[in-house]
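J.:
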Amino acid sequence: MLEMVRSVEEYRTLDEAEILIGYMDGVAGLVGAPGMTRSYLHGWRNGAVDAGLVDPDEAQLEIEAEFAALAQP
Numbered sequence: 312m313l314e315m316v317r318s319v320e321e322y323r324t325l326d327e328a329e330i331l332i333g334y335m336d337g338v339a340g341l342v343g344a345p346g347m348t349r350s351y352l353h354g355w356r357n358g359a360v361d362a363g364l365v366d367p368d369e370a371q372l373e374i375e376a377e378f379a380a381l382a383q384p
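Quick look at the structure:
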């Protein structure tokens with residue numbers, strides 16, 4: 312099973328194109344692709360959350376807090 316991305320450091324190792332494809336599938340409510348990568352899964356999960364289809368999980372809340380801290384002056 313793929314592990315969810317929990318930190319900005321982990322996020323930086325992902326493939327941006329696969330994140331975008333996964334995100335668009337998640338927003339559209341499509342089922343995750345078979346054999347998905349960690350990058351796709353990250354995007355898919357975020358898209359599904361943004362579309363209101365699923366609730367955020369602990370990993371998403373952790374990385375969201377890290378990204379928010381980076382935005383602080």
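In the numbering used here, the protein residues as written are 312 to 384. Beta carbons: idealized from backbone N, C-alpha and C, even for Gly. Nothing here was measured: the structure is a model prediction, and the numbers come from that model.
For I332 and G354, which I take to be in contact (beta-carbon distance under 8 Å), what is that distance rounded to the nearest angstrom?
T.: In the sequence shown, the residue the question calls residue 332 occupies position 21. In the sequence shown, the residue the question calls residue 354 occupies position 43. Rounded, the Cβ-Cβ distance is 7 Å, consistent with contact.
J.: Return the chain-ordered list of same chain residues with a C-beta closer than 8 Å to the C-beta of E377, the five sequence neighbours on each side being excluded.
T.: Residue 377 sits at position 66 when you count from the first residue of the sequence shown. Excluding residues within five positions, the ones whose Cβ falls inside 8 Å are S318, V319.
J.: Mark G346 as exposed unless 16 or more other C-beta atoms lie within 10 angstroms of its C-beta, in which case mark it buried.
T.: If you number the sequence shown from 1, residue 346 lands on position 35. Exposed is the call here.
J.: Please determine, among Y351, S350, E314, G358, the residue with the shortest C-alpha to C-alpha distance to A339.
T.: Here residue 339 refers to the residue found at position 28 of the sequence shown. With distances taken between Cα atoms, A339 lies closest to G358.
J.: Quick check: the Cα distance between L352 and A379, rounded to an integer number of angstroms?
T.: Within the sequence shown, residue 352 is the residue found at index 41, counting from 1. Within the sequence shown, residue 379 is the residue found at index 68, counting from 1. Looking at the two C-alpha atoms, the distance is approximately 21 Å.
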